[in-house]
Amino acid sequence: MVDRQTILLVIIMVMLFTLPPGSDQPLASEDRAVLQKFKSSLIQSRKEVLDSQYWLGYGNLTGLKLSYQDNLKKKNVSLWPFREYSKKNPWKEREQDSLLPDEVSKRVKENWGNDPVLSGDDHAYPLNISGHLFGDFDVVKPDKALKPFRMRLPRYLKEYYSLYKQEKYEEERQRYESDPESNSPPQEIEGSKEKAGNITTYKEGVIELELHSLGYNFMNPELSDFVKQNPKSKIDDSVVVTMSMNLKDYPEKHDDEFKMLGVYYQSMGALIASTKSAKFEGGHALPHFTMNEENFNISKALMSQIVNVTDIEQEVSIDDMNNAIERSQDQCEYITYFQLERTDFTKDQLRAIDDELFSPQGAPIPKKLPQLEISHAILYSPDCGILLENKKSEVFSGLRSEISKTRSRQMAIGVLLLAVIELNLLLRQMKRCRSPGQLSNVSSVTVSLLGFWTSVTLVYFLLRSLQQSELYILLTCVSVIASILCLHEMRLLVGIFTAQENERGTNWWEILRGSSVEGQSNREGEDAPAGGNQPNEDTVAAPAPATTPATAAPQVNTVQQLSDEARYPNMIFFAGFALTCIAMMLISSITRWRISYRRTAEYVILIFFNSYWVPQFFRSTLKNRVRVFSWEYAIGTSLVRFIPVFYMCLDKNNAIRHHYDPVMAMVVFSWIFTQLFFLYLQDCLGARFWVKEKWLPEQYNYHPIISIKDLESGFSSDIVANMKPQTADKDLAICDIDCAICMSTLQVPVVSGEVSSVSKKNVDSMMKEVMVTPCRHIFHDKCLEDWMVYKLQCPLLKTKPYINGEWIESKASKTFDVVDPATEEVIATLPDQTPEEIDHAIKITRDAFDSYKKTNVVDRSRWLRNWYDLMLENLDDLATLITMENGKCLNDALGEVKYAASYFEWFSEEAKRNYGHTIQPANSNNKIITYKQPVGVVGLLCPFNFPAAMGARKAAPALAVGCTCIMKPDAQTPLTALAMAHLADKAGFPKGVFNVVLSSVESTPVCGTKFCESPLIKKVSFTGSTPVGKLLMKQSSSTLKKLSMELGGNAPIVVFEDAKLDQAVEQAIASKFRSLGQTCVCANRIYVQAGIYDEFCSRFAEKVKSFKIGNGFEKGVTHGCLINTRAIDKVEEHVRDAVGKGAEILVEGGRLSDLGKHFYSPYVLGKATKEMNCFGEETFETQEEVVAECNDTPFGLAAYVFSESLNRVWQVSEALETGMVSVNSGIFTDAALPFGGVKESGFGREGSLYGMDDYTVVKSVSLGNVYG
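Quick note, the sequence shown lines up with residues -24 to -1, 1 to 1244 if you use mature numbering (1 follows the signal peptide of the UniProt record, and there is no 0).
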């Protein structure tokens, strides 16, 4: 649907967006000097960490030269050091030496790291703390206020940064002045501004932590080399942690993010982390923040390895330096302490759980996995003088990453299932809604909203699949299903736009009225003007009658039409792509809004996305149509779309971490329910139930009183000129006008002044026989009604013979009716063709053979394949025809159409494999070559029971080898054959290659005789009764025709004791009652081995009792009606005969007169004997006995054997005198199966690789003296 240029453009756009950045610009000499000095300071800081001792203090680290007491005394940092430390006079954790005030260190010592795990049996702290945690904090105001540190940038960095900002400002200013329309105004150089984390305007808020453990140093790929070099540095109870911390106020006006580095002590459940910037080397000083020397040594070992990972000289760039400077200016520095709660598990148990979560092996783990929970949190900012603690009344907890990923996986699986369900619902809906009339009633806005939501879902999961590599396959599957769903919604939307093309330029008032804009009524090539009520949306217009020149359709510009339709996919794709990108950017932006704005936006977005039925409600009102979408689709799609909202709002542990909001779930549910309720009201009360009559436009009057003024202003001059007044009444004239359809005269009253009541009554009476359309064409009322019936009939419903590629008018004086056996209503009336017409059709078929036999086999293959495709495209319409004229249930009819189509598919491939042979005779100097030639014209005589399948099984191999065909369908079911002829014409077969003649039941013998005795027909293929088959053989003897006879069956079913009883019963039911027993391979006799006879009969009877007999179109019906009254009488005669001779009634049936005179509920009779006409069920003891019974019949079409013994199956199958044996199955027919019988069941094979042999003759060519 999307052309190559579109795809190429999208690929180029993606490539442009994903191209890596170019190399860094060369630095000025001043910048290089500053950067080098910055690198030197980092190297010095790293050395300080490596050489540090706990008793020596922080050392020469930026931002840590002053203790808190030094800060209080306002000492000058340039005079550092202020004191000397030694082992006798060590550095201690007190405000005299430390950055931390005593108030902070006291709180830390009381609540952090003072409850270690002492044994392996103790409840341990979490080992892996990677995950997300959420808690609440209070701003602590100690009795003695905390004084902020004045942490300043080193002078060289400060000077550099000032110059950097000034140059950036000047560059932006110059760019803006040169092109103000394309550039934004430069941002003024800011002075002091509010720092992130400087909490002064609120006293409480939310802490959000995202933790990522780097794992044990001896297992970490980047740190393990250090451990190998120094085994003593191996740490097995502490890990380095990277941490992202967000501090928010409750309205989320402020949301400050901090990137931190820390150490987690597993044995104590203690986590410490610190920020770092150009003014504060918190990461390097982290070991000294750990409160004691033991913790210091562990932290030092880990931090020494971390700082050594980076190659400062090679990896630190000017951007890194700028970022460090900007952090120092834009945010407060924080030192944080978090004490975790113990779990309910030991360390070994936790390790086993962690291993299973990290790499699932199927090991048992607890259902309730340990959460991450923080009992105490202390956050101190030295430069901003802020102290925060967690609220004790609120839980500070979260989930580990593995658990979050598990929930994400579960969510993705749920969405995948929902997407598959919605895709299935959409495909089923598209199957129901295919015609232009149906699509014109669908709201394009509704489908656009559904598709828009789908595309947003697609992009969301596609982006998540790139972020979560461990869920890549699953998330990609969701994206693929969503993309398929999106493409089908786009395909539906293209169909809607195309169907509603004629509404362009039409306002809603005209649509509501049901008429077109004047002058546009024929814009789409309508043969008649629009007006009045709209036709049923399920109808499809057929070609206009050739005898109606006045209403001939204008020529349609095919190229323009194709270009109009081709533009829709591109338009929809680009519009959808652009809107989806905008929506994703908007949603991404909304996630960063303050909570009040964000929640309002969520309500607006969810209400908008779930308003998809509102446009359909108004569209249905405009078009005055109800149930445009099936309730299955409407309710199913609504539920599929609501379930994610339900999950997001009501599951507190949802994977996307959406807040608990039952009000939002209720609002969205109520909104969706309200829309469905109003659609239901439309369904019950009418599409325009809510619109007052006076609001609606006045409907057009097709029988108006015509005045002279109307003639002068509204009618074309030729109509006025052709009017011939018949009276001399000064106020009323009766004028003769030619009807635009039949071209005969009609009388129209025309008034010139006031009309008396008596005259008005007469005028109204006369106008009832006249119809005036909005475009001022005048017709006989009956002519226009008949024409509309013709125009609106199903394109597959044909009522004329199909000869030489045309639907001909028969000269026959007699007709016959095709009657729906279920309702006894006449479906169509067809001509009963004369013998002369049949002779003419045979001659046409023979004339076409001369050219068709020379056609390329590739072309024949392609035409057959096209026929197959068209059969499936018209599956529903063909099945409907079969059910209407045959009476079988719709499911059986659908299966028959697919089965029939399979023959066209099979022989489209076999057509290329019609091989001959090369034979070496006794004379080595000669060669013999054989090849197969088409036999000639083939006459096909088809039965009523499978009106599509029997015709396809005969025609497909004949056409494949190069024969031409003339088909005579059964008089009771000819419509399916005519519909297939219509599809054959569309498939591309040349004229005269496939022809269909029609005859009534009474005239069928005459037609059969013509087929058999005509010297032009070289082969006859017949399916029917054995007596008729014998008659046809006699009639064909005069011309020695090649024959294929598929005749009576009398098929036995043999059920041995070792058979699977349930399977045998089910398959016997399928065989016996397929089409209510009206098939040639239907089981007529059931032989059950004595040991299982009673059980088989019991189960068989129960199955039959569950049948639902009824009209084939009714939902839930399993079996339809019999074809005619003769079939009913025959069944009743067999039942009376059997019961009179002692048969046991296992299930009582009989006529179902309340349904119709062709409905019959089946009997099941037991203890049948050979003397009974219906001889159908009997016990047997031995294999030899049952084989003899089965073969004791003149027929031999098919047999069924049920047994689990391979030896028995083979022996019985070989011994049975039938053309086909089905083992352990009641349905065996297939295009790949050679279908045919032996004895009086006929000869010849249809289907399979042998199927073409009966339609060919082998020609032998002997080449002599090949070698001279």
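Ideal Cβ placement from N, Cα and C applies to all residues, glycine included.
Report the three-state DSSP secondary structure of residue i (helix, strand or coil).
i, result
"CYS409", "coil"
"TYR588", "coil"
"CYS711", "strand"
"VAL941", "In the sequence under discussion, the amino acid at residue 941 is Cys, which differs from the Val named in the question. Here CYS941 sits in strand by DSSP."
"MET642", "helix"
"TRP67", "coil"
"GLU881", "helix"
"GLY1067", "helix"
"ASN533", "Below a pLDDT of 50, predicted positions are generally treated as unreliable, and ASN533, at 42, falls in that range; the measurement from the model is reported next regardless. ASN533 falls in the coil class under three-state DSSP."
"TYR678", "coil"
"ARG131", "helix"
"ARG617", "helix"
"TYR1231", "helix"
"TRP56", "coil"
"PRO207", "helix"
"ASP232", "strand"
"ARG126", "coil"
"MET1196", "strand"
"LYS999", "Looking at the sequence itself, residue 999 is Thr, so the reference to Lys does not match. THR999 falls in the strand class under three-state DSSP."
Is it the case that the Cβ atoms of residue i and residue j are separated by a distance below 8 Å?
i, j, result
"ILE895", "LEU916", "no"
"ASN47", "LYS120", "no"
"LEU854", "VAL833", "no"
"TYR588", "LEU425", "yes"
"THR218", "LEU199", "no"
"THR322", "HIS99", "yes"
"ALA1066", "GLU1157", "yes"
"ASN862", "PHE792", "no"
"LYS171", "CYS360", "yes"
According to DSSP, what are the bridge partners of residue i?
i, result
"GLY1172", "VAL1214"
"ALA1144", "ALA1144 is not bridged to any residue."
"SER373", "PHE110 and GLU349"
"ILE993", "VAL913"
"ASP793", "THR805"
"ASN366", "PHE113"
"VAL182", "ASP112 and LYS224"
"ARG1127", "TYR1136"
Leaving out five residues before and five after residue i in sequence, what residues of the same chain have Cβ atoms less than 8 Å from its Cβ?
i, result
"VAL1041", "PHE1072, ARG1075, PHE1076 and LYS1079"
Give me, in chain order, the residues of the same chain whose beta-carbon lies closer than 7 Å to that of residue i; leave out the 5 immediate sequence neighbours on both sides.
i, result
"ARG376", "ASN104, SER106, GLY107 and LEU348"
"VAL423", "GLU465, LEU468, LEU469 and ILE472"
"LEU40", "TYR34, LEU75, GLU257 and ALA261"
"GLY427", "CYS462, GLU465, MET466, LEU469 and GLY552"
By Cβ distance below 6 Å, which residues in the same chain neighbour residue i in space, the five residues on each side in sequence not counted?
i, result
"GLN476", "SER416"
"LYS903", "LEU1239 and VAL1242"
"GLU1180", "ASP1034"
Check whether the Cβ of residue i lies closer than 7 Å to any heavy atom of the ligand PLP, and answer yes or no.
i, result
"ASP27", "Ligands are entirely absent from the displayed structure, and the ligand PLP is therefore not among its contents."
Cβ contact check for the stretch 348 to 356 and the stretch 306 to 313: 3 or more pairs under 8 Å
yes
- Would you say the stretch 241 to 255 touches the stretch 98 to 105, given that touching needs at least three Cβ pairs under 8 Å? yes
Note to self: For the structure I just gave you, are there three or more beta carbon pairs, one from the stretch 738 to 746 and one from the stretch 930 to 937, closer than 8 Å?
What the structure shows: Result no; under three Cβ-Cβ pairs closer than 8 Å.
Next item on the list: Would you be able to state if there are at least three C-beta pairs under 8 Å between the stretch 852 to 869 and the stretch 808 to 827?
Entry: no
Would the stretch 54 to 62 count as touching the stretch 74 to 93 if we require 3 or more Cβ pairs under 8 Å?
no
message: So, does the stretch 636 to 656 touch the stretch 400 to 411, judging by three or more C-beta pairs under 8 Å?
response: no
| said: Using a Cβ distance threshold of 8 Å, determine whether the stretch 1173 to 1191 contacts the stretch 1018 to 1030, with at least three qualifying pairs required. | reply: yes
Checklist entry - On the three-pair Cβ rule with 8 Å, is the stretch 388 to 398 touching the stretch 607 to 618? => result yes
Q | Validate contact between the stretch 361 to 370 and the stretch 110 to 117 using beta carbons, cut 8 Å, 3 pairs | A | With a cut-off of 8 Å, the stretch 110 to 117 and the stretch 361 to 370 count as touching, because enough Cβ pairs lie within range.
Exercise. Does the count of Cβ pairs from the stretch 139 to 159 and the stretch 202 to 220 closer than 8 Å reach three?
Worked result: no
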